[in-house]
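S.K.: Dropping a structure here in structure tokens format, bear with me for questions.
In our numbering, the protein residues as written are 38 to 152.
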């Protein structure tokens, strides 16, 4: 599937762009962040993207479980979602593309790669 070839490139490009924007921004980060929730137009976009990301993470979780993964090994991606946005699902897709079995665990909590 092509998404697994594209995901690592998108992950690196967007993460780099995000870090560059944060490092070079002249606007106070916290004032900008608060403005996302105080202006109606910004709030609508934030909620729209939030709902889309939650739906995407649900589909990625189903993929993870279908491949034999546990909820425990998917938690870091869920925790990162509100903090990093789309970087979190891109990180999952990148990990799945580059090392498909490293997140999968057996019922006793061992990684499949430890067998």
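Glycine included, every Cβ here is placed at the ideal spot set by N, Cα and C. Quantities reported herein were computed from a predicted structural model and do not represent experimental measurements.
Under 8 Å between the Cβ atoms of residue 44 and residue 131?
M.R.: yes
S.K.: Can you tell me which of the three DSSP states residue 87 falls into?
M.R.: For residue 87, the secondary structure class from DSSP, reduced to helix, strand or coil, is helix.
S.K.: Residue range of the alpha helix (DSSP H) that residue 141 falls in?
M.R.: Here residue 141 belongs to no alpha helix (DSSP H), and DSSP marks it neither H nor E.
S.K.: Using the beta-carbon count (16 or more within 10 Å), is residue 77 buried or exposed?
M.R.: Under this definition residue 77 is an exposed residue.
S.K.: What residue from 73, 68, 53 and 139 has the CA that sits closest to residue 105's CA?
M.R.: Of the candidates 73, 68, 53 and 139, the residue whose Cα lies closest to the Cα of residue 105 is 139.
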